[in-house]
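Student: Going by the numbering used here, the letters in the sequence shown line up with residues 2 to 329, in that order. The structure that follows is given in the form of structure tokens.
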Amino acid sequence: MSPAPIALTCGEPAGVGPEIAARAWAALGPALPFFYIGDPRHLPAGTPIIEIEAPQDAVEASERGLAVLPVDMGPPARPGQPHPAHAPHVVEIIARAVDLARSGAAAGICTLPINKKALIDGANFAYPGHTEYLAALAGVDHVVMMLACETLRVVPATIHIPLSEVPRALTPASLERTIRITHDGLRDLFGIEAPRIAVAGLNPHAGEQGAMGREEIDWIAPLIERLRAEGLSLRGPSSADTMFHADARRLYDAAVAMYHDQALIPIKTIDFAGGVNVTLGLPFIRTSPDHGTAFDIAGTGAADPTSTLAALRMARRMADLRASGAPA
Ligand SMILES: NC(=O)C1=CN([C@@H]2O[C@H](COP(=O)(O)OP(=O)(O)OC[C@H]3O[C@@H](n4cnc5c(N)ncnc54)[C@H](O)[C@@H]3O)[C@@H](O)[C@H]2O)C=CC1
Ligand SMILES: NCC(=O)COP(=O)(O)O
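Structure (structure tokens):
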């Protein structure tokens with residue numbers, strides 16, 4: 002029997018998601034079966050669309066066109082101009098994909114970008130992003146956002162909060178959970194038997210022995226020591242400005258950073274086109290391209306599908322690893 006296909010959620014219809022979905026099918030065809038959940042009328046004209054009734058139909062449909070589990074979202078999509086009537090559907094489609102993944106009908110989910118403001122305006126969306134919404138759907142307290150490309154994996158220990166709130170949001174308990182989930186995710190989803198993790202400092206120069214901040218001395222270094230004593234392979238707290246160059250990156254499998262930009266700037270600089278966003282700590286596989294809705298280029302045909310292709314391939318590899326029963 003063919004393995005279950007990946008579910009690809011449409012994300013914001015006014016963004017680049019629909020055109021990227023069409024290009025992803027053109028690039029992958031039947032080699033990596035996936036199905037799009039969204040409104041077929043939002044896909045670019047000329048896309049070979051095969052409407053399906055159930056996920057398993059996607060395997061055969063992918064030979065002929067883009068498999069679509071159709072949802073009537075009402076009004077047409079206008080590039081760059083989100084319609085409030087679409088927002089509740091965008092949110093429901095993510096929940097539907099989660100149900101399919103949890104039932105095993107989908108091998109995992111790959112999410113095309115949502116526009117946070119459009120969802121707040123149109124659906125009172127109460128979450129900063131997919132990551133937190135997926136955690137709520139799964140009933141999980143703590144999940145971890147990881148961005149991964151060929152040469153770097155990064156994890157922001159705090160995500161979409163103002164910079165001024167970072168020091169308060171970071172606690173020994175939350176950082177410990179983030180490190181443990183990162184360790185388990187590297188092992189279970191990436192197949193790395195003995196993961197090596199580098200932990201960034203919060204302050205410039207990782208505090209420089211207390212001259213530029215005390216969090217490293219007061220609790221980050223002691224936490225790392227304690228987890229190291231348990232057998233986790235950890236380094237740090239390291240200066241964030243010197244831990245992302247090529248030689249430094251060879252020393253670890255993932256870097257845990259203290260806040261969003263400390264983690265995302267290096268990876269988007271190294272590989273803006275090919276980075277993948279993966280959520281660790283969920284009871285199902287979730288990947289996503291690492292870019293947003295790109296309203297400025299939506300509908301022009303300029304959107305690069307590389308990150309979505311990498312996200313679909315990563316979800317497939319993870320699903321296959323799980324199915325193989327390799328060390329979990
Ligand atoms: N996983 C998700 O759902 C994500 C959603 N977002 C959301 O997207 C919206 C827009 O965010 P921005 O910060 O403007 O980031 P963005 O990634 O949408 O755009 C930043 C720049 O990169 C370009 N770009 C983005 N994707 C591209 C692609 N595939 N090919 C070629 N160029 C591309 C855009 O044209 C723009 O110039 C926000 O609402 C944000 O929250 C942002 C990141 C991830
Ligand atoms: N900056 C990353 C981002 O916005 C992705 O968020 P999410 O929707 O995957 O939680």
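C-beta: ideal position from N, C-alpha, C; glycine also.
Taking the beta carbon of Leu252 as the centre, do at least 16 other beta carbons fall within 10 Å, making it buried, or is it exposed?
Tutor: Around the beta carbon of Leu252, a 10 Å sphere encloses fewer than 16 other beta carbons of the protein chains shown; the residue is thus reported as exposed.
Student: Quick check: does the Cβ of Gly16 come within less than 7 angstroms of any heavy atom belonging to ligand 2?
Tutor: no
Student: Between which two residues does the alpha helix (DSSP H) harbouring Tyr134 extend?
Tutor: 131 to 139
Student: The beta strand (DSSP E) spanning Glu52 covers which residue range?
Tutor: 50 to 52
Student: Quick one: using the 10 Å Cβ neighbour count with 16 as the cut-off for buried, is Ala329 buried or exposed?
Tutor: For Ala329, the predicted structure reports a pLDDT of 38, less than 50, and the residue's modelled location is therefore unreliable. The matter cannot be settled from this model.
Student: Let me confirm a value: Asp73 is counted as buried when at least 16 other C-beta atoms fall within 10 Å, else exposed. Which label applies?
Tutor: exposed
Student: Buried or exposed: Ala88, going by 16 or more other Cβ atoms within 10 Å of its Cβ?
Tutor: Using a 10 angstroms sphere on the CB of Ala88, the tally of other CB atoms reaches 16 or more, which defines it as buried.
Student: Please state the DSSP three-state secondary structure of Leu224.
Tutor: helix
Student: Under 8 angstroms between the Cβ atoms of Glu217 and Gly202?
Tutor: yes
Student: Tell me, to the nearest whole angstrom, how far the beta carbon of Ile286 is from that of Ala264; I am working on the premise that it is less than 8 angstroms.
Tutor: Rounded, the Cβ-Cβ distance is 21 angstroms, inconsistent with contact.
Student: Just checking, does the region 254 to 271 make contact with the region 27 to 47 on the three C-beta pairs under 8 angstroms criterion?
Tutor: no
Student: Exposed or buried, what is Asp272 when buried is set at 16 or more other beta-carbons lying within 10 Å of its beta-carbon?
Tutor: Asp272 sits buried, since 16 or more C-beta atoms from the chains shown fall within 10 Å of its C-beta.
Student: Measure the C-alpha to C-alpha separation of Arg314 and His84 and round it to an integer number of angstroms.
Tutor: Separation of Arg314 and His84 (C-alpha to C-alpha, rounded to the nearest whole angstrom) is 31 angstroms.
Student: On the DSSP letters alone, give me the boundaries of the alpha helix (DSSP H) that Ser175 sits inside.
Tutor: Membership of Ser175 in the alpha helix (DSSP H) is indicated by the continuous run 173 to 189.
Student: Within 10 angstroms of the Cβ of Gly75, are there 16 or more other Cβ atoms? Answer buried if so, exposed if not.
Tutor: exposed
Student: List in chain order the residues whose CB is within less than 5 angstroms of at least one heavy atom of ligand 4.
Tutor: This structure lacks ligand 4; its bound ligands are ligand 1 and ligand 2.
Student: Please say whether Cys111 and Phe35 have beta carbons closer to each other than 8 angstroms?
Tutor: At the C-beta level, Phe35 and Cys111 come within 8 angstroms of one another.
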